[in-house]
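First up is the structure itself, then whatever we jot down about it.
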Amino acid sequence: EAGVVQSPRYKIIEKKQPVAFWCNPISGHNTLYWYLQNLGQGPELLIRYENEEAVDDSQLPKDRFSAERLKGVDSTLKIQPAELGDSAVYLCASSFGSSYNEQFFGPGTRLTVL
Amino acid sequence: DAKTTQPTSMDCAEGRAANLPCNHSTISGNEYVYWYRQIHSQGPQYIIHGLKNNETNEMASLIITEDRKSSTLILPHATLRDTAVYYCIVRGTNAGGTSYGKLTFGQGTILTVHP
């Protein structure tokens with residue numbers, strides 16, 4: 001069974017440029033998460049989807065970050081414009097049914113903002 | 001959700017048991033203890049979870065003290081591939097609200113397994 005797929009794996013951009021990350025969850029998983037992980041820190045939840053609905057986006061900086069999960073499958077996380085402090089790893093995870101079930105993580109996208 | 005305290009780093013010899021402690025003295029009765037690990041350049045991976053009783057699976061054992069204020073993750077025969085950051089997470093079960101099911105990661109314990 002394929003795991004959570006993320007692309008790109010690495011992205012280097014200049015500040016003020018837009019950037020987008022894509023996530024394909026495990027087939028059948030209705031709950032999808034985006035996490036941010038700074039160097040040396042644990043992941044921090046940005047947003048959680050139950051199907052198409054964002055049920056927890058309280059930690060998403062809405063002035064520059066946006067996310068969507070059309071049709072309740074794939075998801076895209078966008079930053080516009082990117083700032084130097086956005087350099088981090090962006091992780092996507094998915095789970096089946098209740099969000100208390102095991103979360104499966106993708107390998108992440110490492111973003112470097114110059 | 002209750003906070004956890006873990007040592008910053010630990011070492012273990014290959015083939016020996018690795019015992020990773022976690023303190024969660026403010027845990028409440030309906031909160032579970034979860035363990036995830038993160039190998040370098042990968043996303044976190046679920047290991048095990050428990051409420052009150054000790055748990056064992058193919059990866060590890062989880063020992064929770066009777067007062068539930070601390071726990072220990074045991075990797076019975078550590079290998080070089082077990083070198084990773086290990087996260088102990090306390091997770092609530094209250095339905096509703098934005099914290100429902102939320103995993104709150106700390107900084108974890110960096111476990112280094114030596115040959």
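Respectively, the protein sequence lines represent chains A and C.
Going by this note's numbering, the first residue of the first sequence is number 1, and it counts up by one from there.
Going by this note's numbering, the first residue of the second sequence is number 1, and it counts up by one from there.
Cβ atoms here follow ideal geometry from the backbone N, Cα and C, with glycine treated the same way.
1) List, in chain order, every chain A residue whose beta-carbon is nearer than 9 Å to that of Gln107 of chain C.
2) Quickly, what does DSSP pair Glu44 of chain A with across the bridge? List them, please.
3) For Gly50 of chain C, list the residues DSSP reports as bridge partners.
4) In the DSSP assignment, what residue or residues form a beta bridge with His114 of chain C?
5) Let me confirm a value: Ala17 of chain C is counted as buried when at least 16 other C-beta atoms fall within 10 Å, else exposed. Which label applies?
6) Could you check whether Arg64 of chain A and Gln80 of chain A sit closer than 8 Å to each other, using their CB atoms as the reference points?
7) Taking beta-carbon pairs under 9 Å, can you tell me which members of the stretch 43-72 of chain C lie near chain A?
8) Less than 7 Å separating the Cβ of Gly85 of chain A from some heavy atom of the ligand NAP?
9) Anything in chain C within Cβ reach of Gly106 of chain A, meaning under 8 Å, just list it in chain order.
10) Check the Cβ-Cβ distances between Lys3 of chain C and every residue of chain A, and say whether any is below 8 Å.
11) What are the boundary residues of the beta strand (DSSP E) that includes Lys11 of chain A?
12) Chain A beta carbons: is any one of them nearer than 8 Å to that of Tyr167 of chain C?
13) Chain C beta carbons: is any one of them nearer than 8 Å to that of Glu102 of chain A?
14) Within 10 angstroms of its Cβ, does Thr98 of chain C collect 16 or more other Cβ (buried), or is it exposed?
15) In this structure, how does DSSP classify Asp63 of chain A when only helix, strand and coil are distinguished?
16) Excluding the 5 residues flanking Asn19 of chain C on each side, which residues of the same chain have their C-beta closer than 7 Å to its C-beta?
17) Apart from the five residues just before and just after Pro115 of chain C, which ones in its own chain have a Cβ nearer than 6 Å to its Cβ?
18) For Leu32 of chain A, tell me which candidate among A:Asn38, A:Cys23, A:Gly40, A:Leu39 has the shortest Cα-Cα distance.
19) For Thr112 of chain C, which residues in the same chain have their Cβ closer than 8 Å to its Cβ, ignoring the five residues on either side in sequence?
20) Exposed or buried, which one is Glu31 of chain C when buried takes at least 16 other CB atoms within 10 Å?
21) Return the CA-CA distance between Glu55 of chain C and Arg9 of chain A, expressed in angstroms with no decimal places.
22) Could you tell me which residues DSSP pairs with Arg110 of chain A in its beta bridges?
23) Taking only the alpha-carbon atoms, compute the straight-line gap between Glu139 of chain A and Gly72 of chain A and give it to the nearest angstrom.
The short version:
1) Residue 107 of chain C sits at position 107 when you count from the first residue of the second sequence. By Cβ distance, chain A contributes Gly40, Gln41, Gly42.
2) Numbered from its first residue, the first sequence carries residue 44 of chain A at position 44. Answer is A:Leu36.
3) Here the question's residue 50 of chain C lines up with position 50 in the second sequence. BP columns for Gly50 of chain C point to C:Val33.
4) Here residue 114 of chain C refers to the residue found at position 114 of the second sequence. DSSP, once it has assigned bridges, lists C:Ala13 as partnering His114 of chain C.
5) Taking the second sequence and counting its residues from 1, one reaches residue 17 of chain C at position 17. It is exposed - the Cβ of Ala17 of chain C has fewer than 16 other Cβ atoms within 10 Å.
6) Locating residue 80 of chain A in the first sequence gives position 80, counting from the first residue. Locating residue 64 of chain A in the first sequence gives position 64, counting from the first residue. Against a cut-off of 8 Å, the Cβ pair of Arg64 of chain A and Gln80 of chain A comes out as a contact.
7) Gly43, Pro44, Gln45, Tyr46, His49
8) Ligands displayed in this structure: none; no statement on the ligand NAP is therefore possible.
9) Taking the first residue of the first sequence as 1, we reach residue 106 of chain A at position 106. Those are Gly43, listed as they occur along chain C.
10) Position 3 of the second sequence, counted from the start, is the residue given in the question as residue 3 of chain C. So, not an interface residue.
11) By 1-based counting over the first sequence, the position of residue 11 of chain A is 11. Start and end: 10-13.
12) Since the first residue of chain C shown is 1 and the last is 115, residue 167 of chain C is not available in this structure.
13) Numbered from its first residue, the first sequence carries residue 102 of chain A at position 102. Output row for Glu102 of chain A: interface = yes.
14) Numbered from its first residue, the second sequence carries residue 98 of chain C at position 98. Annotation note: pLDDT 45 at Thr98 of chain C (below 50); position unreliable, coordinate value reported separately. Classification for Thr98 of chain C: exposed.
15) Position 63 of the first sequence, counting from 1, holds the residue named residue 63 of chain A. Note: Asp63 of chain A maps to coil in three-state DSSP.
16) Here residue 19 of chain C corresponds to residue number 19 of the second sequence, with the count starting at 1. The residues are Thr72, Ile74.
17) Residue mapping note: residue 115 of chain C aligns to position 115 of the second sequence, counting from 1. Glu14, listed in sequence order.
18) Counting from 1 along the first sequence, the entry for residue 32 of chain A is found at position 32. That would be A:Cys23, whose Cα lies nearest to the Cα of Leu32 of chain A.
19) Residue numbering aside, residue 112 of chain C sits at position 112 when the second sequence is read from its first letter. So the list reads Ser9, Met10, Asp11, Cys12, Thr83, once near-sequence residues are dropped.
20) For the purposes of this step, residue 31 of chain C is taken as residue 31 along the second sequence, with counting starting at 1. Classification of Glu31 of chain C: buried, given that the 10 Å Cβ count is 16 or more.
21) In the second sequence, the residue the question calls residue 55 of chain C occupies position 55. In the first sequence, the residue the question calls residue 9 of chain A occupies position 9. So the alpha carbons of these two residues sit roughly 35 Å apart.
22) Taking the first sequence and counting its residues from 1, one reaches residue 110 of chain A at position 110. For Arg110 of chain A, which the question treats as bridged, DSSP gives the partners A:Tyr10, A:Val89.
23) Not covered by the structure: residue 139 of chain A. The range shown for chain A is 1 to 114.
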